[in-house]
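The block underneath contains the structure these notes are about, expressed in structure tokens.
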Amino acid sequence: MISSIVSKVKQKRIAQLVAKGKRLDGRALMEYREIKIEPSIIERAEGSAQVHIGKTQVLVGVKIETGEPFPDIPDQGVLTVNAELVPLASPTFEPGPPNEDAIELARIVDRGIRESKAIALEELCIQPGKKVFIVFVDVYVLNHDGNLIDASALAALTALVNTKMFNYEMKNDEIVKKPGYKPLPVRNYPVAVTFAKINDKLVVDPWLEEEHVMDARLTITTDKDGKICSIQKGGSGYFTTQQILEAAKIAKEKAAELRKLVVKT
Amino acid sequence: MISSIVSKVKQKRIAQLVAKGKRLDGRALMEYREIKIEPSIIERAEGSAQVHIGKTQVLVGVKIETGEPFPDIPDQGVLTVNAELVPLASPTFEPGPPNEDAIELARIVDRGIRESKAIALEELCIQPGKKVFIVFVDVYVLNHDGNLIDASALAALTALVNTKMFNYEMKNDEIVKKPGYKPLPVRNYPVAVTFAKINDKLVVDPWLEEEHVMDARLTITTDKDGKICSIQKGGSGYFTTQQILEAAKIAKEKAAELRKLVVKT
Amino acid sequence: MISSIVSKVKQKRIAQLVAKGKRLDGRALMEYREIKIEPSIIERAEGSAQVHIGKTQVLVGVKIETGEPFPDIPDQGVLTVNAELVPLASPTFEPGPPNEDAIELARIVDRGIRESKAIALEELCIQPGKKVFIVFVDVYVLNHDGNLIDASALAALTALVNTKMFNYEMKNDEIVKKPGYKPLPVRNYPVAVTFAKINDKLVVDPWLEEEHVMDARLTITTDKDGKICSIQKGGSGYFTTQQILEAAKIAKEKAAELRKLVVKT
Amino acid sequence: MSKPEKLLDKKGLRLDGRKLDELRPIKMEVGILANADGSAYLEQGRNKVLAAVYGPKEVHPKHLALPDRAILRCRYHMAPFSVEERKSPAPSRREIELSKVIRDALEPAVFLEYYPRTSIDIFIEILQADGGTRCAGITTAALALADAGIPMRDLVVACAAGKADGKLILDLMDLEDKYGEADVPLAMMPGINAVTLLQMDGSLTLEEFEKAIEMAMEGCRKIYEVQKEALKAKYVTVKEETEE
Amino acid sequence: MSKPEKLLDKKGLRLDGRKLDELRPIKMEVGILANADGSAYLEQGRNKVLAAVYGPKEVHPKHLALPDRAILRCRYHMAPFSVEERKSPAPSRREIELSKVIRDALEPAVFLEYYPRTSIDIFIEILQADGGTRCAGITTAALALADAGIPMRDLVVACAAGKADGKLILDLMDLEDKYGEADVPLAMMPGINAVTLLQMDGSLTLEEFEKAIEMAMEGCRKIYEVQKEALKAKYVTVKEETEE
Amino acid sequence: MSKPEKLLDKKGLRLDGRKLDELRPIKMEVGILANADGSAYLEQGRNKVLAAVYGPKEVHPKHLALPDRAILRCRYHMAPFSVEERKSPAPSRREIELSKVIRDALEPAVFLEYYPRTSIDIFIEILQADGGTRCAGITTAALALADAGIPMRDLVVACAAGKADGKLILDLMDLEDKYGEADVPLAMMPGINAVTLLQMDGSLTLEEFEKAIEMAMEGCRKIYEVQKEALKAKYVTVKEETEE
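Protein chains in written order, with the numbering used here: chain A, 34 to 298; chain B, 34 to 298; chain C, 34 to 298; chain D, 9 to 252; chain E, 9 to 252; chain F, 9 to 252.
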């Protein structure tokens with residue numbers, strides 16, 4: 034099936050070029066495709082953003098509702114990340130509940146946000162043990178041309194940074210909305226950078242045809258202080274220690290560049 | 034598969050006859066098959082009715098329970114309509130959760146009842162925002178020989194009209210049953226009338242073999258005052274404006290006839 | 034498929050031997066395979082046991098949690114038995130929700146415990162109508178070599194007998210754990226004994242290849258007083274009254290033997 | 009339904025006035041659904057049961073077909089309005105188990121080897137339930153199989169015996185099932201004395217159990233006569249129609 | 009959104025300032041998704057809708073294929089963030105019904121007989137919803153079909169009419185749909201005056217109904233012009249690109 | 009389990025008395041399930057893990073088969089009683105993700121091209137969990153693969169490093185995983201220094217991360233020796249049995 038999408042010839046060409054430090058689409062090994070970020074395009078959502086990386090297109094919507102906290106963390110809000118690979122986005126996506134790819138994608142985005150403590154969940158408690166805010170981050174892939182992880186993480190971060198919460202006061206144990214909005218308490222800015230290993234070399238931001246050729250994938254998410262907060266290796270190949278450490282260093286640099294597209298500081 | 038059920042020859046014959054204003058089973062174009070209505074045949078249900086339209090056979094049971102209202106309509110009871118195309122009823126029905134046909138059927142019946150305000154849901158509130166009566170209308174198709182919509186709607190209406198609710202009083206926020214029953218507050222009598230378009234002509238109450246031949250289907254539900262309360266077009270063909278308006282007029286008349294079978298006034 | 038597991042020849046041989054009062058593995062018709070019982074092997078569970086009957090291997094874990102009682106039995110704890118035929122245990126088991134075999138297995142084990150009143154559920158009530166203990170009995174089949182029912186029932190009984198519950202006191206309607214444990218109130222010791230009918234003869238404890246040959250299966254569960262508390266016939270054959278009565282008598286005797294392996298009295 | 013104080017009155021009669029070994033009124037009708045290859049309807053006390061048979065027919069999905077015989081499939085299902093509290097129409101664990109044991113009860117009677125590579129599908133719908141619906145379902149399904157012209161060794165017929173207030177009773181209704189001391193549903197082919205379904209819940213001594221199954225078998229034999237009458241009635245009707 | 013006191017002001021204008029028979033601002037773009045064989049994007053008021061078409065292509069699973077024509081499949085789906093309260097991404101009963109009626113609305117336009125043994129799959133995603141999304145979905149999907157090069161009798165276009173505060177109105181937004189007296193979504197092929205979708209909820213006399221469908225059809229004809237412009241725009245752009 | 013005040017005591021020892029770079033006691037047994045083609049059991053601290061391999065065998069459903077190699081499938085599953093609060097037996101999102109990354113961790117070791125058109129199925133059951141079960145699962149599954157006679161480039165072995173109370177630690181148990189500052193599970197083929205699984209949760213500087221993966225790899229190498237012993241033990245036992 035894959036051979037019907039990318040011809041074997043093209044695949045071979047991609048691998049040969051990478052060995053020479055080149056890529057089929059003319060990029061340098063450590064160069065991203067063009068990135069376009071559009072925040073707040075879904076007005077009915079509390080937060081949203083659309084990110085294009087090349088032809089990959091991901092829309093993230095953030096909804097904020099009230100609900101119960103987890104019993105073991107009664108005084109914190111709840112973060113829920115879900116990803117939908119809707120069949121509109123690729124001939125290989127099928128309708129139905131999230132498959133392992135969608136679940137992995139959602140969990141990588143989730144961990145970047147959670148482990149970097151990007152959202153001050155402790156500020157989202159309304160009544161300890163009873164009522165807290167739930168932050169739903171819905172990742173909606175609209176066109177799949179590779180590197181869904183970085184596009185999704187970037188769209189999620191942008192959406193969160195632009196999320197507005199309504200003001201409220203408590204009256205008789207009930208929430209009463211008040212006029213005005215305040216921003217979601219975002220404290221950190223995790224950015225995912227994904228590498229593909231092709232022909233024993235690393236490239237950043239693989240597009241779809243490179244993903245078909247790659248041996249393995251490595252995503253490293255770093256926070257605003259350059260600390261690593263989350264890693265995920267995927268694919269049926271392996272990495273050497275050297276490759277991992279090289280990737281970690283580059284991830285930190287690339288993330289800093291990408292972060293500037295979202296957060297003006 | 035359909036060709037194995039109705040032979041192509043028969044299908045052609047049905048279409049030719051309709052063009053001449055006749056039907057294979059001898060009916061006039063705007064004539065229903067024989068209708069038999071049996072109310073209250075399931076004693077353990079609060080309401081029930083079985084309707085035969087020709088060989089089509091539908092049983093509806095009504096159960097009344099208590100539960101929570103919808104948050105946005107805290108002072109009204111809840112109406113829930115479900116339809117099961119149980120495999121006993123047709124070689125083409127399969128076990129499993131309701132498919133799109135069963136869901137469409139349930140939703141058409143639901144809308145007829147809801148939009149005509151047939152049940153005074155505001156009288157089914159026990160404690161606003163906390164406890165209301167839930168009216169479960171379960172449509173159970175026992176034999177499928179076409180026009181399930183009209184048979185189901187008629188059985189549902191008959192069952193509701195014959196539904197008895199227990200008397201109760203509130204003691205310490207708990208419902209205590211009292212002896213005796215009162216009728217469900219039914220205020221309107223919606224009746225669905227379904228047309229099939231065959232060879233560019235309309236017929237009413239299509240039986241199964243006509244449904245295999247028809248281009249499109251149009252159901253018009255009218256209330257006791259002759260107002261339209263719900264419409265559903267189905268099937269892969271189309272209607273002209275003229276056909277629609279003609280159908281609406283006839284639906285009103287036919288519904289009035291059918292209504293008399295249920296409500297003696 | 035079965036023929037690819039047990040050759041037809043072997044099957045014929047099994048049937049012929051049974052007719053002569055012998056079995057392929059050398060056992061007498063009314064002899065169990067070697068039984069090994071290991072209680073309390075999962076320390077994190079409140080109770081557990083592993084049972085080997087020949088090569089059949091079943092692990093049962095008991096978890097105790099708090100939850101709501103059934104509305105119609107507000108003053109009793111809740112017993113829930115579940116069985117998983119995990120694909121690790123047999124080439125014929127598949128991942129997914131419990132199929133009819135797993136559900137039947139769970140329900141047979143459940144009925145033995147429930148009908149013999151093995152657990153004093155009335156002692157597991159914390160606040161009538163509001164909070165009770167829920168006893169989860171999870172049957173986990175690890176290797177399937179026949180007679181899963183007897184192995185599962187025996188493992189469940191052993192696990193229950195060895196279950197420890199934490200001490201607690203109620204403070205402001207909340208459960209506060211106190212140091213120390215007490216045993217689950219187990220009052221009866223139901224034991225299941227399963228027969229296979231092969232070539233019109235009964236054998237006890239059929240192993241897998243006998244199950245492939247048997248016409249029908251009969252499980253009789255008796256309690257500590259020798260009373261029958263549960264029966265289940267399975268398989269596409271039948272039994273005569275004589276066979277049933279003979280089985281009941283033997284079941285009582287065999288159960289008494291097996292019970293001694295669990296309860297030292 | 010809350011728990012009654014007693015299940016037997018001073019005269020030893022049951023809540024609905026029956027004697028200990030008395031069956032509920034029973035009524036059967038054969039061939040009442042137009043689409044099914046065979047069908048039957050039964051009322052036993054307040055139980056109302058419908059059964060339909062489709063087949064023998066091509067198997068879907070195909071890989072389930074057997075080269076040397078038909079497969080028998082069975083679905084026991086309760087209508088949402090059949091019981092006191094509305095039942096979700098999704099099959100419960102109980103319904104899945106009962107579908108299996110009912111199939112196991114009917115299969116010994118059917119000459120499956122006559123129809124290799126086909127399936128025979130049995131659908132049982134409980135329209136109203138008042139105890140003993142698995143037995144009623146079996147009795148009805150056997151009629152539907154016969155109506156479909158499926159060759160059988162014998163009709164299968166089912167009835168439960170049990171125990172309430174210390175006495176053995178026949179054909180338990182819901183309250184007796186729920187609050188009694190034991191329930192022993194049993195199915196058989198009366199012609200060849202073969203027990204094809206046997207379950208038990210409760211507590212019985214060996215002696216009581218022996219008596220209970222005798223009682224249940226006696227009940228089966230009585231219902232068997234009604235089954236045969238129902239088939240004859242259909243046959244007579246059909247014959248009369250043909251002769252007209 | 010709580011219930012507004014009135015849906016029409018003293019001047020007879022609607023909550024968003026529209027006249028009774030005025031459409032919401034509408035914007036369409038064709039061919040915007042790289043992977044799909046055809047795609048389109050539409051904004052109608054606050055509605056934001058994306059549609060993609062894949063096919064004609066091999067059918068999976070194969071047994072669904074028809075020997076004499078293509079099968080048309082359709083999925084109408086709402087993004088979890090498209091509505092006020094987050095919607096579970098699992099298809100609701102409403103989404104399943106709408107998928108069906110939308111397919112029924114589009115099918116009369118497509119020459120399915122040109123592509124036997126294939127499937128044409130339509131995916132409609134509601135990214136933001138504000139009333140009338142089934143109509144917006146049909147309008148967008150028709151553009152995506154055209155963009156995919158699927159031969160059609162005509163474009164299909166949809167629009168609702170309805171009633172609020174006693175007056176007939178065109179192109180209902182969410183509040184009008186929810187708190188108005190009637191909603192009549194209608195789809196048609198304007199070139200041949202064929203109504204391919206018609207639903208109604210609410211209460212209308214025959215006379216009101218007749219006027220409402222006239223109004224909806226008039227709305228459809230206006231949107232049809234925008235559809236054609238959008239296709240032309242794509243065609244022009246493509247042509248210009250080709251000429252460069 | 010509530011949060012402990014500290015994860016390290018004054019002497020720098022961990023809650024279970026281990027030193028920072030000390031593994032938990034580990035025990036392995038190969039070939040312990042009768043039906044599976046290969047199997048292994050492992051205890052690491054309180055973790056109890058069972059793994060079974062079935063295959064190479066025919067693929068079901070057939071269309072998943074690949075013409076040039078075997079497909080490797082993996083299911084990581086936790087027993088309901090393996091954790092403090094009973095876990096529903098339906099696979100959680102976490103279990104689905106771990107099944108995927110574990111398959112990705114094992115696949116580089118297996119010569120899949122030797123068995124075209126077949127599947128090799130790995131089933132991992134966590135019978136008791138105390139942190140690090142994905143690593144324990146990989147270590148056990150590799151043994152089961154070897155026991156099934158599947159040719160491999162090398163055994164795969166896994167171990168986590170992490171950070172607690174500011175110090176890097178090896179082989180985290182549940183409390184350290186939950187309340188520590190970072191967790192870095194890593195799998196490798198020690199013979200060729202190939203990292204086949206790498207995940208990270210928490211917060212680490214680049215320098216800490218470098219040290220953590222060195223530490224994890226060192227742990228892997230120690231466990232690798234135990235793996236080889238376990239295989240040898242089985243081999244010796246089998247040999248002895250054969251010689252008897």
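For glycine and all other residues, C-beta sits at the position ideal for the given N, C-alpha and C.
PHE169 (chain C) versus chain F: which residues are under 9 Å apart at the beta carbon?
The residue labelled residue 169 (chain C) in the question sits at position 136 within the third sequence. PRO88, PHE89, ARG94, listed in chain order.
How would you list, in chain order, the residues of chain E whose beta-carbon sits under 9 Å from the beta-carbon of LEU154 (chain B)?
Counting from 1 along the second sequence, the entry for residue 154 (chain B) is found at position 121. Correct list: empty, because the minimum Cβ distance to chain E is about 16 Å.
To the nearest whole angstrom, what separates the beta carbons of ALA169 (chain F) and GLY227 (chain F), a pair I think is in contact under 8 Å?
Looking up residue 169 (chain F) in the sixth sequence gives position 161. Looking up residue 227 (chain F) in the sixth sequence gives position 219. Indeed they touch by this definition, with Cβ atoms about 7 Å apart.
Please confirm if LYS108 (chain F) has its CB atom under 8 Å from at least one CB of chain A.
Translated into positions along the sixth sequence, residue 108 (chain F) becomes position 100. Answer yes: the Cβ-Cβ gap between LYS108 (chain F) and chain A drops below 8 Å somewhere.
Neighbourhood of ASP108 (chain B) by C-beta distance below 6 Å, restricted to the same chain and skipping five residues each side:
Counted from its first residue, the second sequence places residue 108 (chain B) at position 75. If we look at ASP108 (chain B) and ignore the five residues flanking it on each side, its Cβ neighbours are CYS158, PRO161.
DSSP beta-bridge partners of LEU206 (chain D)
As a working mapping, residue 206 (chain D) is identified with position 198 in the fourth sequence. Paired residue(s): D:LEU194.
Going straight from the alpha carbon of ALA186 (chain B) to that of ALA61 (chain B), what length do you get?
Numbered from its first residue, the second sequence carries residue 186 (chain B) at position 153. Numbered from its first residue, the second sequence carries residue 61 (chain B) at position 28. Near 23 Å, if we compare the C-alpha coordinates of ALA61 (chain B) and ALA186 (chain B).
Where HIS71 (chain F) sits in the DSSP three-state scheme:
Taking the sixth sequence and counting its residues from 1, the one referred to as residue 71 (chain F) is at position 63. Of the three classes helix, strand and coil, the one that applies to HIS71 (chain F) here is helix, per DSSP.
Between the beta-carbon of VAL172 (chain B) and the beta-carbon of ALA189 (chain B), is there less than 8 Å?
Taking the first residue of the second sequence as 1, we reach residue 172 (chain B) at position 139. Taking the first residue of the second sequence as 1, we reach residue 189 (chain B) at position 156. Yes, Cβ-Cβ distance for VAL172 (chain B) and ALA189 (chain B) is below 8 Å.
Mapping the DSSP letters down to three states, classify MET160 (chain D) as helix, strand or coil.
Position 152 of the fourth sequence, counted from the start, is the residue given in the question as residue 160 (chain D). Here MET160 (chain D) sits in strand by DSSP.
Note down the Cα distance separating GLY174 (chain E) from GLU189 (chain E), rounded to an integer number of angstroms.
Walking along the fifth sequence from the start, residue 174 (chain E) turns up at place 166. Walking along the fifth sequence from the start, residue 189 (chain E) turns up at place 181. So the alpha carbons of these two residues sit roughly 8 Å apart.
Contact check, VAL170 (chain C) vs THR89 (chain C), beta carbons under 8 Å:
As a first step, residue 170 (chain C) must be located in the third sequence, where it is residue number 137. As a first step, residue 89 (chain C) must be located in the third sequence, where it is residue number 56. At a Cβ-Cβ threshold of 8 Å, VAL170 (chain C) and THR89 (chain C) do not count as neighbours.
Listing by chain order, which chain B residues have their CB less than 8 Å from the CB of ASN55 (chain D)?
Walking along the fourth sequence from the start, residue 55 (chain D) turns up at place 47. Residues of chain B passing the Cβ test: none, with the nearest at roughly 10 Å.
Inter-residue spacing [alpha-carbon to alpha-carbon] between GLY145 (chain E) and MET160 (chain E):
Against the fifth sequence, residue 145 (chain E) aligns to sequence position 137. Against the fifth sequence, residue 160 (chain E) aligns to sequence position 152. Each residue's Cα considered, the two are about 17 Å apart.
For LYS14 (chain E), which residues in the same chain have their Cβ closer than 7 Å to its Cβ, ignoring the five residues on either side in sequence?
Counting from 1 along the fifth sequence, the entry for residue 14 (chain E) is found at position 6. Excluding residues within five positions, the ones whose Cβ falls inside 7 Å are ASP173.
Could you give the first and the last residue of the continuous alpha helix (DSSP H) run that contains SER10 (chain F)?
For the purposes of this step, residue 10 (chain F) is taken as the residue at position 2 of the sixth sequence. No alpha helix (DSSP H) holds SER10 (chain F); DSSP gives it neither H nor E.
Please report the residue range of the beta strand (DSSP E) in which TYR187 (chain D) lies.
On the fourth sequence, position 179 is the one that residue 187 (chain D) refers to. Taken as a continuous stretch (DSSP letters only), TYR187 (chain D) belongs to no beta strand (DSSP E), being part of the alpha helix (DSSP H) at 182-187.
Look at LYS35 (chain E) and LEU50 (chain E) and say whether their C-beta atoms are less than 8 Å apart.
Within the fifth sequence, numbered from 1, the residue matching residue 35 (chain E) stands at position 27. Within the fifth sequence, numbered from 1, the residue matching residue 50 (chain E) stands at position 42. Yes, these two residues count as a Cβ contact at 8 Å.
Check whether the Cβ of LEU92 (chain A) lies closer than 8 Å to any Cβ atom in chain F.
By 1-based counting over the first sequence, the position of residue 92 (chain A) is 59. Not closer than 8 Å to any Cβ of chain F, the Cβ of LEU92 (chain A) fails to qualify, so no.
Name the residue from F:GLU233, F:ASP45, F:LEU151, F:ARG101 whose alpha carbon lies nearest to the alpha carbon of LEU121 (chain C).
Counted from its first residue, the third sequence places residue 121 (chain C) at position 88. Nearest C-alpha to LEU121 (chain C): F:ASP45.
Let me see if you follow: with CB-CB separation under 8 Å, is LEU74 (chain D) close to chain B or not?
Within the fourth sequence, the letter at position 66 stands for residue 74 (chain D). It does not: the Cβ of LEU74 (chain D) has no partner Cβ on chain B nearer than 8 Å.
Tell me whether PRO12 (chain E) is buried or exposed, calling it buried when 16 or more other Cβ atoms sit within 10 Å of its Cβ.
In the fifth sequence, the residue the question calls residue 12 (chain E) occupies position 4. By the neighbour-count rule (16 or more Cβ atoms within 10 Å), PRO12 (chain E) is not buried but exposed.
Beta-carbon within less than 6 Å of VAL246 (chain C)'s beta-carbon, same chain only, minus the 5 sequence neighbours each way: which residues are those?
Here the question's residue 246 (chain C) lines up with position 213 in the third sequence. The residues are GLN44, ILE47, ALA48, ILE231.
Is it the case that the CB of ILE182 (chain A) approaches a heavy atom of the ligand FMN more closely than 7 Å?
This structure lacks the ligand FMN; in fact it carries no ligand of any kind.
Candidates C:SER81, C:ASP258, C:ILE141, C:GLU244: which alpha carbon is nearest GLU177 (chain C)'s?
Translated into the one-based positions of the third sequence, residue 177 (chain C) becomes position 144. Residue identity differs from the one stated: residue 177 (chain C) is His in this sequence, not Glu. The residue from C:SER81, C:ASP258, C:ILE141, C:GLU244 with its alpha-carbon nearest to that of HIS177 (chain C) is C:GLU244.
Counting only the same chain and skipping the five closest in sequence on each side, list residues whose C-beta sits under 8 Å from that of ALA98 (chain D).
Working through the fourth sequence from its first residue, we reach residue 98 (chain D) at position 90. Same-chain partners within the cutoff: there are none.
Does the separation of the CB atoms of ALA164 (chain F) and ILE277 (chain A) fall below 8 Å?
Here residue 164 (chain F) refers to the residue found at position 156 of the sixth sequence. Here residue 277 (chain A) refers to the residue found at position 244 of the first sequence. For clarity, residue 164 (chain F) is Val in the given sequence; the question names Ala instead. Not in contact: VAL164 (chain F) and ILE277 (chain A) (Cβ atoms no closer than 8 Å).
Thinking C-alpha only, which one of A:ALA280, A:LEU175, A:PRO128 is nearest GLN83 (chain A)?
Walking along the first sequence from the start, residue 83 (chain A) turns up at place 50. Of A:ALA280, A:LEU175, A:PRO128, the residue nearest in Cα terms is A:LEU175.
Quick one: list the residues of chain C neighbouring PRO97 (chain F), beta-carbon separation under 7 Å, in chain order.
As a working mapping, residue 97 (chain F) is identified with position 89 in the sixth sequence. Simply ASN115, GLU117.
Are the region 281-293 of chain A and the region 196-211 of chain A touching by the rule of at least three beta carbon pairs closer than 8 Å?
Taking 8 Å as the limit for Cβ pairs, the verdict is that the region 196-211 of chain A does not touch the region 281-293 of chain A.
Alpha-carbon spacing of LYS70 (chain D) relative to LEU74 (chain E), whole angstroms:
Reading the fourth sequence from its first residue, position 62 is the one you call residue 70 (chain D). Reading the fifth sequence from its first residue, position 66 is the one you call residue 74 (chain E). So the two alpha carbons sit approximately 19 Å from each other.
Nearest chain F C-beta to LEU138 (chain C) closer than 8 Å, yes or no?
As a position in the third sequence, residue 138 (chain C) is number 105, starting the count at 1. LEU138 (chain C) does not count as touching chain F.
At a CB-CB cut-off below 8 Å, which residues of chain C make contact with SER127 (chain D)?
Numbered from its first residue, the fourth sequence carries residue 127 (chain D) at position 119. Residues of chain C passing the Cβ test: none, with the nearest at roughly 15 Å.
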